[in-house]
Amino acid sequence: MSFDSLPTETILNIASFLPPFLSSLSALTQTSKRLYSVLERTLYTEDVQHHGSSSVYWAASRGNLAVLRKAIILGKAHIPTRGDYVSVRDDGSGRRLGHIPQNSRGFFYGKIAPQAHWDIDKDHPICLATRNGHEHLVKFLLDEVGCSPQIRDRQDFCLLSLAIMGGLSEVMIGTFLYLRVHHYVRSINGYCPLQIAAYKGDRNVVEFLLASTPPDYVEEQIQHSFQCALLAKQIPVALLLLDHGGVNLNCSLARWAEGRNAYMTTPLGWAVFHEDLDLAKELLDKGADADFTMQRELAVPRRVLFDAVERSQVEMVKFLLKRTTNRVACTKALSLAVERASSSNDPTSAKNKVVKILLENGVSCNFEEDDIQPPSPIPQTRGPGVIVCKYPIKHRQNGEFMPPIVHAVHAGNLRLKSSKMPTPESASFLAKKPTVPPTYEGVDFDDNVAIHNARDAIIREQWVRSMMARLVGEELGKCYAREGVNHFEKCGKLRERYLELLKDRKIKGYLFEEKNYFSKSS
Numbered sequence: 018m019s020f021d022s023l024p025t026e027t028i029l030n031i032a033s034f035l036p037p038f039l040s041s042l043s044a045l046t047q048t049s050k051r052l053y054s055v056l057e058r059t060l061y062t063e064d065v066q067h068h069g070s071s072s073v074y075w076a077a078s079r080g081n082l083a084v085l086r087k088a089i090i091l092g093k094a095h096i097p098t099r100g101d102y103v104s105v106r107d108d109g110s111g112r113r114l115g116h117i118p119q120n121s122r123g124f125f126y127g128k129i130a131p132q133a134h135w136d137i138d139k140d141h142p143i144c145l146a147t148r149n150g151h152e153h154l155v156k157f158l159l160d161e162v163g164c165s166p167q168i169r170d171r172q173d174f175c176l177l178s179l180a181i182m183g184g185l186s187e188v189m190i191g192t193f194l195y196l197r198v199h200h201y202v203r204s205i206n207g208y209c210p211l212q213i214a215a216y217k218g219d220r221n222v223v224e225f226l227l228a229s230t231p232p233d234y235v236e237e238q239i240q241h242s243f244q245c246a247l248l249a250k251q252i253p254v255a256l257l258l259l260d261h262g263g264v265n266l267n268c269s270l271a272r273w274a275e276g277r278n279a280y281m282t283t284p285l286g287w288a289v290f291h292e293d294l295d296l297a298k299e300l301l302d303k304g305a306d307a308d309f310t311m312q313r314e315l316a317v318p319r320r321v322l323f324d325a326v327e328r329s330q331v332e333m334v335k336f337l338l339k340r341t342t343n344r345v346a347c348t349k350a351l352s353l354a355v356e357r358a359s360s361s362n363d364p365t366s367a368k369n370k371v372v373k374i375l376l377e378n379g380v381s382c383n384f385e386e387d388d389i390q391p392p393s394p395i396p397q398t399r400g401p402g403v404i405v406c407k408y409p410i411k412h413r414q415n416g417e418f419m420p421p422i423v424h425a426v427h428a429g430n431l432r433l434k435s436s437k438m439p440t441p442e443s444a445s446f447l448a449k450k451p452t453v454p455p456t457y458e459g460v461d462f463d464d465n466v467a468i469h470n471a472r473d474a475i476i477r478e479q480w481v482r483s484m485m486a487r488l489v490g491e492e493l494g495k496c497y498a499r500e501g502v503n504h505f506e507k508c509g510k511l512r513e514r515y516l517e518l519l520k521d522r523k524i525k526g527y528l529f530e531e532k533n534y535f536s537k538s539s
């Protein structure tokens with residue numbers, strides 16, 4: 018007699034002696050249709066009693082409504098319906114919060130991933146169904162099981178947030194709003210539904226939430242949602258939030274990654290970084306400040322103009338110059354531009370065009386003495402009611418106040434010309450500039466005044482050349498000290514430039530040589 022033909026009572030009696038492992042019972046039910054029909058109730062009952070209702074969570078994750086119904090009807094699975102499911106235990110005591118280490122968290126919807134979670138092993142089935150986009154299961158759990166719409170998952174995401182993650186229909190999202198899911202209350206991890214919808218670029222849902230959110234709670238949501246939309250490159254949604262109002266454009270965005278590098282800047286800086294001139298114009302028209310500073314630990318805080326110069330964005334630099342009013346920052350930008358242009362021998366390259374634009378817009382080529390100051394002290398709180406000001410240890414970068422001409426000299430780029438450069442033709446020399454050229458050629462040696470004027474002009478030119486040689490020599494010494502045994506390879510360009518300048522340097526103290534200032538035919 019085969020096992021399949023045994024009486025039902027005998028089969029159930031044999032199944033009761035099987036060890037409490039679902040695999041054995043499941044294998045037995047798969048041998049024939051009769052065994053499945055006989056042992057189906059036993060299978061679900063065993064799962065509920067000894068395996069934590071795994072069939073319920075499996076069905077919720079995969080959208081299998083038939084299995085979920087059988088687990089409830091045959092196995093008598095109990096699904097909690099109270100709204101405080103994650104924060105309160107069945108006995109009424111509160112659950113504790115667990116924390117995730119910082120080094121094990123990545124980025125999640127435009128922010129650092131959740132840092133806290135409720136102390137439960139599994140999410141509620143309705144949370145699993147909602148996150149995975151199984152709308153029919155969500156309706157079943159709400160309407161027939163009676164689950165509260167206020168249930169949250171272990172990371173404290175509300176059902177409305179999970180519905181947006183899972184891509185549920187606007188009808189279902191509207192149902193959650195009608196059921197008064199408190200979407201304007203932020204979770205313990207700082208997320209809200211509007212932010213998630215903005216990050217995903219769902220314009221219709223964003224408009225729906227903006228129209229349904231109480232105005233008393235919306236300002237902070239809009240600010241964070243705008244930043245998340247921008248980081249996700251959802252420009253239409255970001256502009257929608259900007260037009261709605263309540264966005265502060267002069268703020269620091271959350272850190273984002275491009276390749277292996279991480280960045281943090283302002284919304285305007287993000288537009289500059291991605292070379293989006295139209296977005297930059299839109300942000301400036303809406304109130305962004307081109308002079309808003311980052312990295313305040315530096316004597317010259319970083320501005321978006323520096324980013325545009327470093328990336329040789331000609332049109333962006335031309336546009337930002339019209340909005341930047343800080344003279345020191347513009348001079349610093351010119352120094353950066355000259356330093357970058359020194360590596361290009363093509364006068365028509367973008368790097369040289371940026372230098373030309375800066376000079377044509379009247380950017381000062383020299384720092385003034387009052388500009389060379391340490392940064393402002395950083396206020397820090399020490400104890401209740403005690404505020405101290407602390408200067409950063411490294412308050413100035415090396416070469417932070419190096420004039421543009423020095424960068425040009427270092428690279429041997431003498432094509433850089435401006436009425437403000439520190440040469441014999443610069444503004445600082447015009448007041449006492451000699452009226453004769455720096456040469457003795459054609460001078461009447463019987464005229465003492467002519468000889469004196471020629472000598473003054475020669476000394477003046479020699480002084481400029483000597484200062485150039487001195488500056489390059491100082492940088493060469495720093496390069497030797499920095500590179501050590503590698504200085505022949507690393508400092509070769511500076512060494513060649515220094516030796517070239519030494520050929521023309523004549524001043525030693527107050528003496529100078531005059532023979533090179535006569536023509537060879539004299």
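When we follow the numbering used here, the leftmost residue of the sequence shown carries the number 18, and every step to the right adds one. Idealized CB from N, CA, C, for every residue including glycine. Keep in mind that this is a model prediction, so the values were computed, not measured.
Legend entry - Nearest-angstrom Cα separation, counted from residue 136 out to residue 332: One-based indexing of the sequence shown puts residue 332 at position 315. One-based indexing of the sequence shown puts residue 136 at position 119. Cα to Cα, the separation comes out at about 54 Å.
Inset, instruction - Classify residue 207 as helix, strand or coil using the three-state DSSP reduction. - result: Within the sequence shown, the letter at position 190 stands for residue 207. In the structure shown, residue 207 sits in coil (DSSP, three-state: anything other than H, G, I, E or B).
Inset, instruction - Name the one or two DSSP bridge partners that residue 285 has. - result: Looking up residue 285 in the sequence shown gives position 268. Answer is none; residue 285 lacks a bridge partner.
Legend entry - Three-pair Cβ contact test at 8 Å for the stretch 95 to 114 versus the stretch 214 to 228: Verdict: no, contact absent.
Legend entry - Simplified DSSP state of residue 462, which is helix, strand or coil: In the sequence shown, the residue the question calls residue 462 occupies position 445. In the three-state reduction of the DSSP assignment, residue 462 falls in the coil class.
Legend entry - Bridge partners - residue 133, DSSP secondary structure assignment: The sequence position of residue 133 within the sequence shown is 116, counting from 1. Note: residue 133 is bridge-paired with 116 in the DSSP secondary-structure output.
Inset, instruction - Determine the burial state of residue 77: buried for a count of at least 16 other Cβ atoms within 10 Å of its Cβ, exposed for fewer. - result: As a working mapping, residue 77 is identified with position 60 in the sequence shown. Burial of residue 77 is indicated by the presence of at least 16 other C-beta atoms within 10 angstroms of its C-beta.
Inset, instruction - Taking all protein chains shown into account, decide if residue 408 is buried (16 or more other Cβ within 10 angstroms of its Cβ) or exposed. - result: For the purposes of this step, residue 408 is taken as residue 391 along the sequence shown, with counting starting at 1. Reliability fails at residue 408, whose pLDDT of 34 lies under 50, so the model's placement of it is uncertain and no value is given.
Legend entry - residue 242 versus residue 177: straight-line alpha-carbon distance, rounded: Here residue 242 corresponds to residue number 225 of the sequence shown, with the count starting at 1. Here residue 177 corresponds to residue number 160 of the sequence shown, with the count starting at 1. Taking the straight line from one Cα to the other gives about 15 Å.
Legend entry - residue 357: first and last residue of the uninterrupted alpha helix (DSSP H) it sits in: Taking the sequence shown and counting its residues from 1, the one referred to as residue 357 is at position 340. In this chain, the alpha helix (DSSP H) harbouring residue 357 covers 344 to 358.
Inset, instruction - Output the distance between the C-alpha atoms of residue 240 and residue 260, rounded to the nearest integer angstrom. - result: Numbered from its first residue, the sequence shown carries residue 240 at position 223. Numbered from its first residue, the sequence shown carries residue 260 at position 243. When rounded, the distance between both Cα atoms is 12 Å.
Legend entry - Of the residues 68, 323, 148, 330, the one placed nearest residue 352, counting alpha carbons only: In the sequence shown, residue 352 corresponds to position 335, counting from 1. Looking only at 68, 323, 148, 330, the smallest Cα-Cα distance to residue 352 is reached by 323.
Legend entry - Outcome for residue 369 when other beta-carbon atoms lying within 10 angstroms are tallied against a minimum of 16: One-based indexing of the sequence shown puts residue 369 at position 352. By the neighbour-count definition (other C-beta atoms within 10 Å, threshold 16), residue 369 is a buried residue.
Legend entry - Rounded C-alpha distance that separates residue 304 from residue 295: Here the question's residue 304 lines up with position 287 in the sequence shown. Here the question's residue 295 lines up with position 278 in the sequence shown. Rounded to whole angstroms, residue 304 to residue 295 spans 15 Å at the Cα level.
Legend entry - Spatially closest choice to residue 149 from 179, 141, 170, by CA coordinates: Counted from its first residue, the sequence shown places residue 149 at position 132. From the listed residues 179, 141, 170, the smallest Cα separation to residue 149 is found for 179.
Legend entry - Rounded distance between the beta-carbons of residue 88 and residue 65, thought under 8 Å: Locating residue 65 in the sequence shown gives position 48, counting from the first residue. Locating residue 88 in the sequence shown gives position 71, counting from the first residue. With 8 Å as the limit, residue 65 and residue 88 qualify as a contact, their Cβ atoms being about 7 Å apart.
Legend entry - Where residue 125 falls: helix, strand or coil (DSSP): Indexing the sequence shown from 1 puts residue 125 at position 108. Looking at residue 125 - three-state DSSP - the assignment turns out to be strand.
Legend entry - Distance, residue 170 Cα to residue 83 Cα: By 1-based counting over the sequence shown, the position of residue 83 is 66. By 1-based counting over the sequence shown, the position of residue 170 is 153. Here the C-alpha atom of residue 83 lies approximately 24 Å from the C-alpha atom of residue 170.
Inset, instruction - Identify which residue in 97, 52, 222 has its Cα closest to the Cα of residue 74. - result: Position 57 of the sequence shown holds residue 74. If we check each option's Cα against that of residue 74, 97 comes out closest.
Legend entry - Cross-strand partners of residue 111 (DSSP beta bridge): Walking along the sequence shown from the start, residue 111 turns up at place 94. Answer is 105, bridged to residue 111.
Legend entry - Proximity winner among 173, 187, 155, relative to residue 79 (alpha-carbon distances): Translated into the one-based positions of the sequence shown, residue 79 becomes position 62. Cα-wise, what sits closest to residue 79 is 155.
Legend entry - Alpha carbon of residue 72 to alpha carbon of residue 285, nearest angstrom: Within the sequence shown, numbered from 1, the residue matching residue 72 stands at position 55. Within the sequence shown, numbered from 1, the residue matching residue 285 stands at position 268. Looking at the two C-alpha atoms, the distance is approximately 51 Å.
Inset, instruction - List the DSSP bridge partners of residue 499. - result: As a working note, residue 499 is residue 482 in the sequence shown. Note: residue 499 sits in no beta bridge, so no partner.
Inset, instruction - Classify residue 153 as buried or exposed, calling it buried when 16 or more other Cβ atoms lie within 10 Å of its own Cβ. - result: As a working note, residue 153 is residue 136 in the sequence shown. Within a 10 Å sphere around the beta-carbon of residue 153 sit fewer than 16 other beta-carbons, which makes this residue exposed.
Inset, instruction - Could you give the DSSP three-state label for residue 320: helix, strand or coil? - result: In the sequence shown, counting from the first residue as 1, residue 320 sits at position 303. When secondary structure is reduced to three states using DSSP, residue 320 falls in the coil class, being assigned neither helix nor strand.
Legend entry - Simplified DSSP state of residue 51, which is helix, strand or coil: Stepping through the sequence shown from its first residue, residue 51 is reached at position 34. Looking at residue 51 - three-state DSSP - the assignment turns out to be helix.
Legend entry - Beta-carbon contacts of residue 337 that lie in its chain and below 6 Å, excluding the five residues immediately before and after: In the sequence shown, the residue the question calls residue 337 occupies position 320. 307, 322, 325, listed in sequence order.
Legend entry - Segment limits, alpha helix (DSSP H) that includes residue 144: Here residue 144 refers to the residue found at position 127 when the sequence shown is read from its first residue. That run of the alpha helix (DSSP H) goes 142 to 148.
Inset, instruction - Given a cut-off of 8 Å, decide if residue 375 and residue 350 are closer than it, judged by their beta-carbon atoms. - result: For the purposes of this step, residue 350 is taken as the residue at position 333 of the sequence shown. For the purposes of this step, residue 375 is taken as the residue at position 358 of the sequence shown. Here residue 350 is near residue 375, since their CB atoms are less than 8 Å apart.
Legend entry - Collapsed DSSP secondary structure at residue 175 in the structure displayed: If you number the sequence shown from 1, residue 175 lands on position 158. Strand.
Inset, instruction - Look at the alpha carbon of residue 255 and the alpha carbon of residue 508, and state the distance between them as a whole number of angstroms. - result: As a working mapping, residue 255 is identified with position 238 in the sequence shown. As a working mapping, residue 508 is identified with position 491 in the sequence shown. Distance between the alpha carbons of residue 255 and residue 508: 48 Å.
Inset, instruction - Please determine, among 184, 56, 478, the residue with the shortest C-alpha to C-alpha distance to residue 27. - result: Position 10 of the sequence shown, counting from 1, holds the residue named residue 27. Distances from the CA of residue 27 to each of 184, 56, 478 were compared; the closest alpha carbon is that of 56.
Inset, instruction - Assign residue 292 to buried or exposed, taking buried as 16 or more other Cβ atoms, counted over all protein chains shown, within 10 Å of its Cβ. - result: Here residue 292 refers to the residue found at position 275 of the sequence shown. Per the 10 Å Cβ criterion, exposed.
Inset, instruction - Kindly indicate which three-state DSSP category residue 472 falls into: helix, strand or coil? - result: By one-based count along the sequence shown, residue 472 stands at place 455. Three-state DSSP puts residue 472 in a helix.
Legend entry - Cβ-based neighbour list, residue 147, same chain, cut-off 6 Å, excluding 5 preceding and 5 following: Counted from its first residue, the sequence shown places residue 147 at position 130. Apart from sequence neighbours up to five positions away, the residues of its chain that approach residue 147 with a beta-carbon distance below 6 Å are 155, 176, 179, 180, 183, ordered along the chain.
Legend entry - Rounded separation between residue 49 and residue 92 - CA only: Start at 1 with the first residue of the sequence shown, and residue 49 comes out as number 32. Start at 1 with the first residue of the sequence shown, and residue 92 comes out as number 75. If I take the Cα positions, the gap works out to 21 Å.
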